[in-house]
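So for the sequence shown, our numbering puts the first residue at 415; every next one is plus one. All C-beta atoms, glycine included, are put in the ideal place defined by N, C-alpha and C. These figures come from a predicted structure and were not determined experimentally.
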Amino acid sequence: MSFLYIYERAAKIGVKENCIVVESEHLKRTLPIEGVENVIIFGEASLSSNCVKHFMERDINLTWLSSRGKFFGRLESTRNINIHRQRRQFACGEDDKFCLALGKKIVAAKVKNQITILRRYQRNRTETSVARNIDAMARLLPALERVDNKEELMGTEGMAARNYYQGLSALVISEFAFHGRNRQPPRDPFNSLLSFAYTLLMYDVYTAAVNRGLNPYASFLHSIRKGHPALCSDLMEEWRAVLGDSLALYVTSKGIIKPEHFDAPNHDGGVYLNSEASKKYIAEYEKKVRGRSHYLTYVDYSVSFRRAIEMQCQCLAKAVEEGEPDAYHPVVIR
415 MSFLYIYERA AKIGVKENCI VVESEHLKRT LPIEGVENVI IFGEASLSSN
465 CVKHFMERDI NLTWLSSRGK FFGRLESTRN INIHRQRRQF ACGEDDKFCL
515 ALGKKIVAAK VKNQITILRR YQRNRTETSV ARNIDAMARL LPALERVDNK
565 EELMGTEGMA ARNYYQGLSA LVISEFAFHG RNRQPPRDPF NSLLSFAYTL
615 LMYDVYTAAV NRGLNPYASF LHSIRKGHPA LCSDLMEEWR AVLGDSLALY
665 VTSKGIIKPE HFDAPNHDGG VYLNSEASKK YIAEYEKKVR GRSHYLTYVD
715 YSVSFRRAIE MQCQCLAKAV EEGEPDAYHP VVIR
């Protein structure tokens with residue numbers, strides 16, 4: 415299954431003869447509707463009622479974002495809603511032991527994956543500070559096993575995160591001058607790339623969770639709040655470094671994205687990719703999530719990262735149905 419990203423100003427989207435037709439002032443493209451799972455619209459676009467009907471009949475989700483990636487809303491069919499599974503999910507979310515056990519597995523996988531990314535990009539580099547950050551993070555892993563409440567867990571995760579971003583800062587090329595994480599809005603180009611990648615990842619995870627009958631707003635690790643898909647934040651943790659941070663490191667180190675590809679800071683200090691560079695970055699993200707790996711421990715064949723996300727959501731659904739956090743197997747890269 416594939417995602418269709420529409421980043422054309424004032425695009426018109428329709429369906430004709432089992433094909434999706436996208437038209438704008440300077441473009442007309444047609445592609446088969448078969449195999450499209452998600453349509454993500456950046457900025458302004460209009461859809462015919464016939465198009466919406468076809469999308470709902472075929473279980474194609476529609477997501478609207480601003481040109482900067484701000485979420486506006488989503489249109490989806492009710493086909494995958496599983497109220498019985500969601501009731502089990504809500505019950506597990508009220509079980510402190512379940513939440514802590516699952517949270518420890520997720521956070522440990524996140525930290526291990528961050529360490530692996532630092533090690534990969536440290537190769538052939540001379541920064542000794544990164545090795546110290548890696549060692550500090552590795553020493554925190556046994557502490558994660560010993561925590562006995564969610565507050566301690568998140569505190570230990572925060573210490574690992576500080577070391578991780580210090581190490582990451584040393585590995586980002588000098589032209590991007592990354593000095594730690596900032597967001598809402600991102601105030602420098604590298605943070606902008608991280609935020610954009612996380613936005614794309616969020617809606618990959620959101621789609622996979624909904625398609626497995628999970629409620630994307632009912633979490634186990636992150637705090638719930640109105641309008642925030644907190645379960646997606648839970649599920650994203652083990653993927654952030656793998657798919658988001660590594661992508662930002664790759665496109666900057668290879669010169670695919672350069673400092674001149676960003677617009678001047680806007681009124682609130684936010685820094686964002688220009689339109690053409692955004693399309694390029696989305697294309698690189700798609701290459702990344704379509705890449706295949708053997709990282710899932712419970713299958714003996716390679717799958718794309720996008721398929722792995724779907725399988726992880728199914729794995730979580732199984733843990734919820736059984737009320738057993740050990741049924742969830744987080745992704746740990748090598």
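{"Check": "Just reading off the beta strand (DSSP E) that residue 442 is part of, what are its end residues?", "Outcome": "441 to 446"}
{"Check": "Leaving aside the five residues before and after residue 732 along the sequence, list all residues of the same chain whose C-beta is less than 7 Å from its C-beta, in chain order.", "Outcome": "741"}
{"Check": "With a cut-off of 8 Å, do at least 3 Cβ pairs link the region 475 to 495 to the region 611 to 622?", "Outcome": "yes"}
{"Check": "Given this structure, state the Cα-to-Cα distance separating residue 706 from residue 746, to the nearest angstrom.", "Outcome": "14 Å"}
{"Check": "By the 10 Å Cβ neighbour count, where 16 or more other Cβ atoms means buried, how is residue 503 classified, buried or exposed?", "Outcome": "buried"}
{"Check": "Keeping to the same chain, check which residues put their C-beta closer than 6 Å to that of residue 683; ignore five residues upstream and five downstream.", "Outcome": "601"}
{"Check": "Apart from the five residues on each side of it in sequence, which residues of its chain come closer than 6 Å, Cβ to Cβ, to residue 481?", "Outcome": "456 and 457"}
{"Check": "Determine the direct distance from the alpha carbon of residue 431 to that of residue 665, and round the result to whole angstroms.", "Outcome": "38 Å"}
{"Check": "Taking the DSSP output, what are the residues bridged to residue 453?", "Outcome": "418 and 476"}
{"Check": "What separation, rounded to the nearest whole angstrom, lies between the Cα atoms of residue 568 and residue 445?", "Outcome": "45 Å"}
{"Check": "How many angstroms separate the CA atom of residue 680 from the CA atom of residue 689?", "Outcome": "15 Å"}
{"Check": "Nearest to residue 465 by alpha carbon, out of 519, 512, 442 and 433?", "Outcome": "433"}
{"Check": "Looking at the secondary structure, which residues open and close the alpha helix (DSSP H) in which residue 434 lies?", "Outcome": "It is not in any alpha helix (DSSP H) - residue 434 instead sits in the beta strand (DSSP E) that spans 433 to 438."}
{"Check": "What number of angstroms, rounded off, separates the C-alpha of residue 508 from the C-alpha of residue 633?", "Outcome": "10 Å"}
{"Check": "Do you know whose CA, among 692, 658, 521 and 535, lies nearest residue 572's CA?", "Outcome": "521"}
{"Check": "Going by alpha carbons, who is nearest to residue 644 out of 696, 440 and 629?", "Outcome": "629"}
{"Check": "What is the C-beta distance between residue 661 and residue 698, in whole angstroms, given that I count them as a contact (C-beta under 8 Å)?", "Outcome": "6 Å"}
{"Check": "Only counting the same chain, and skipping five residues up and downstream in sequence, which positions put a Cβ closer than 7 Å to that of residue 708?", "Outcome": "716"}
{"Check": "Give the range of the beta strand (DSSP E) segment to which residue 460 is assigned.", "Outcome": "459 to 461"}
{"Check": "Can you look up residue 427 in the DSSP assignment and give me helix, strand or coil?", "Outcome": "strand"}
{"Check": "Between which residues of its own chain and residue 718 is the CB-CB distance below 7 Å, once the five residues before and five after are set aside?", "Outcome": "703, 704, 705 and 706"}
{"Check": "The alpha helix (DSSP H) spanning residue 721 covers which residue range?", "Outcome": "719 to 736"}
{"Check": "Within 10 Å of its beta-carbon, does residue 460 have 16 or more other beta-carbons around it, so buried, or fewer, so exposed?", "Outcome": "exposed"}
{"Check": "Within 10 angstroms of its Cβ, does residue 730 collect 16 or more other Cβ (buried), or is it exposed?", "Outcome": "buried"}
{"Check": "When you compare each of 544, 561, 558 and 685 to residue 604 by their alpha carbons, which one comes out closest?", "Outcome": "685"}
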